[in-house]
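Structure first, commentary second.
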Amino acid sequence: MIMRYSFFVILCSILIGSTLYSETDADNGEKKDEKQSYPLNVKFAVGTSITGGNNSTRVATLNSEFQKRYTRFRIRLNGRGAYGEASYADGPWIESTNNWLFSTRIDWFTTSQLHTFLFTEGTMQSNQYRGYWLKNSVQGGYGIALFSEIDHLEVNLPLGIDYAREILVVDDSQRPEKFSAVLKPEMILRLNSNIRYRLKTNIFVDLKDEEEYRI
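Numbered per our numbering, the sequence shown spans residues 181 to 395.
If you want it as C-alpha cells, here you go:
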C-alpha cells in the first residue's frame with residue numbers, strides 16, 4: 181500500500197508543479213516558441229555488455245533512435261537488436277539471437293513553454309535472456325519537464341499506467357495481463373557540444389500487488 185500511495189503523492193506533486201509553472205510563465209510573459217518544425221535527429225550506436233554470476237551473458241548490441249520535434253509535439257522511434265550467448269548456473273554457453281525491441285513514443289506539450297506534457301508509448305520486444313518470446317506493452321500518462329531554462333540540463337518526469345502481456349519461452353504460453361503504475365525519469369546532461377550523459381529509468385509497481393515492483 182505504501183508504494184501505491186507514493187505514486188499518488190508523486191502525481192499530485194506533478195500536477196501542482198505544472199500549475200505553478202503555468203502561473204509563472206503567465207506572469208513573466210515569456211516569449212512563445214513559434215518554430216513549427218525542427219530537423220530530424222537520427223542516432224546509431226553499437227556496444228557490448230558482459231555480466232557474470234549465477235547467470236552470465238556476453239552480448240553485442242545495435243541501437244537506433246529517430247526523433248522529430250514540432251512546436252507542441254515530439255515523436256521518438258527506437259530500435260534495438262542484440263546477439264550473444266548466455267550461461268545458466270555455470271552450464272554451457274547457449275547462443276541467443278532472438279533479442280530485439282521496437283518502440284514509439286509521442287509527447288504532446290500542454291503549455292507553450294514546454295513545461296508539461298501528455299505522453300503515450302507502445303513497445304514490442306523479444307528477449308530470450310529474460311524469458312519471453314514476445315512482450316507487448318502500452319503506456320500513457322502525464323509528465324513535467326524541469327530546468328528547461330538551463331541549456332545543458334534536461335530532466336523529464338513522466339508518470340503513467342503500463343499495460344503489458346508476455347508469451348513465455350518456457351512453455352510457450354501467455355503470462356496473465358499486467359497493469360502497473362510506471363515512473364519514467366530521464367536526465368540529459370550536455371557536457372559540451374560533443375559529449376552528453378543520458379540516464380533513463382523505468383520504475384514499475386504492480387497495481388494488483390504493490391509489493392511487486394521492477395526497476
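Beta carbons are placed, not taken as given, at the ideal position from N, Cα and C, and that holds for glycine.
- Within the same chain, Ala-344 come within 6 Å of Lys-358 by CB-CB distance, once the 5 residues on both sides are set aside.
- When only Cα atoms are considered, Leu-242 and Tyr-263 end up about 9 Å apart.
- Contact between Tyr-268 and Asn-235 holds: their C-beta atoms lie close to 5 Å from each other, under 8 Å.
- For Ala-225, same chain residues with a beta-carbon under 6 Å away, outside a window of 5 residues either side, are Asn-243 in chain order.
- Taken in chain order, the unbroken stretches of beta strand (DSSP E) that lie wholly in the region 317-393 and span 3 residues or more are 333-348, 354-363, 366-370, 376-380 and 383-386.
- In this structure, the CA atom of Leu-333 is about 23 Å from the CA atom of Ile-395.
- The Cβ atoms of Arg-285 and Glu-301 sit closer than 8 Å to each other.
- Just measuring C-alpha positions, the residue of Val-239, Trp-280 and Asn-258 sitting nearest Glu-265 is Val-239.
- Taking Tyr-322 as reference, the option from Asp-287, Leu-348 and Thr-303 with the minimal CA-CA separation is Asp-287.
- The beta-carbon separation of Arg-249 and Tyr-218, rounded to 4 Å, stays under the 8 Å limit for a contact.
- Among the bridge pairs identified by DSSP, Asn-279 is matched with Ala-262 and Asn-307.
- Within the same chain, Val-239 come within 6 Å of Ser-229 by CB-CB distance, once the 5 residues on both sides are set aside.
- Cβ-Cβ distances below 6 Å link Gly-259 to Ser-244 and Phe-282 in the same chain, with the five nearest sequence neighbours on each side left out; the list follows chain order.
- Ser-236: member of the beta strand (DSSP E) spanning 235-249, first to last residue.
- By alpha-carbon distance to Leu-339, the top candidate from Glu-391, Gly-271 and Pro-365 is Pro-365.
- The beta carbon of Asp-386 lies closer than 6 Å to those of Ser-360 and Glu-392 in the same chain, with the five residues before and after it left out.
- Separation of Thr-291 and Phe-297 (C-alpha to C-alpha, rounded to the nearest whole angstrom) is 8 Å.
- Setting aside the 5 residues that flank it on each side, Gln-305 is surrounded in the same chain by Leu-281 and Lys-315, each with a C-beta closer than 6 Å to its C-beta; the list follows chain order.
- A direct Cα-to-Cα measurement between Phe-327 and Val-335 gives close to 7 Å.
- Look at Gly-227 here: in three-state DSSP terms it is strand.
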